């Protein structure tokens, strides 16, 4: 409730400052103008189309990258030899800016959905893989000994020990993957897309439709909030 009240007070102060001429309306249009544009774009379907395009790419790219990353991370945590083999590769590739690979993907796939989704999947892969490996290795050794002494089958160990024990750390890694995926998705859409929220941000800058820029950024913030809430606090 306090957060909402603070946002409302900030919006009211912004509105008053813009209407009084204390700030340039060209750069800081009143929130009521931004809200009016947002309502109109929702009514005519413009925002819905952009949101649908970006949402689909985010779900598919994040789902593929984070899913494979989670599986790889859990496997690395369970198999020390695999961890020793893959850890240097992940350490070398993880810091590489995935947006910088976009020209390569455009050469390989053209201006297609694959070229836009592969960077999103890549950037989602690494935090999930690292978190998965760390999460498994951080499980209390006493729990492993108990499972071993009772002769628990591998599937039961995975279901009753590994997944519940790894989930808190893994969830943090998935949230990092999600946030990175959103950043890369918008960057890719700005550089190569004709649709989506990133393209809308770029087009609003080119045409100096500042209310569209702020409105799209607001929708982006809400999209990130919703997806992060899906992963829990």
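In the numbering used here, the protein residues as written are 14 to 246.
For each residue, glycine too, the CB sits at the ideal point set by N, CA and C.
All values reported here derive from a predicted model rather than from experimental measurement.
Proximity below 8 Å, CB of residue i to CB of residue j
| i | j | result |
| --- | --- | --- |
| residue 194 | residue 142 | no |
| residue 75 | residue 190 | yes |
| residue 109 | residue 99 | no |
| residue 227 | residue 42 | yes |
| residue 209 | residue 66 | yes |
| residue 29 | residue 44 | no |
| residue 97 | residue 202 | no |
| residue 205 | residue 124 | yes |
| residue 134 | residue 71 | no |
| residue 51 | residue 231 | yes |
| residue 223 | residue 20 | no |
Cβ distance (whole Å) where residue i is taken to contact residue j below 8 Å
| i | j | result |
| --- | --- | --- |
| residue 132 | residue 112 | 6 Å |
| residue 91 | residue 149 | 6 Å |
| residue 87 | residue 175 | 7 Å |
| residue 178 | residue 155 | Contact doesn't hold; Cβ gap of about 11 Å is too wide. |
| residue 144 | residue 197 | That belief does not hold up - the Cβ atoms of residue 144 and residue 197 are roughly 18 Å apart, past 8 Å. |
| residue 199 | residue 233 | 7 Å |
C-beta neighbour in chain D for residue i, strict 8 Å
| i | result |
| --- | --- |
| residue 28 | No chain D appears in the structure shown, which is made up of a single protein chain. |
Beta-carbon proximity list for residue i, same chain, < 6 Å, skipping 5 on both sides
| i | result |
| --- | --- |
| residue 213 | 63, 229 |
| residue 54 | 60 |
| residue 122 | 128 |
| residue 219 | none |
| residue 47 | 224, 227, 228 |
| residue 215 | 203 |
| residue 140 | 186, 189, 190 |
| residue 14 | none |
Close Cβ partners of residue i (< 7 Å) along its chain, the five nearest in sequence each way excluded
| i | result |
| --- | --- |
| residue 240 | 191 |
| residue 114 | 132 |
| residue 151 | 182 |
| residue 49 | none |
| residue 33 | none |
| residue 147 | 182 |
| residue 31 | 38, 41, 42, 43 |
TODO: Flag this pair as touching only if the stretch 81-101 and the stretch 177-196 have three or more C-beta atom pairs under 8 Å; answer yes or no.
DONE: yes
TODO: Only counting runs of 4 or more residues, tell me where the alpha helix (DSSP H) segments fall wholly within the stretch 68-123, in order along the chain.
DONE: 93-106, 115-122
Open item on the list: What ranges does the alpha helix (DSSP H) occupy inside the stretch 117-184, keeping only unbroken runs of at least 4 residues that lie completely in it?
Closed with: 126-150, 154-162, 167-170
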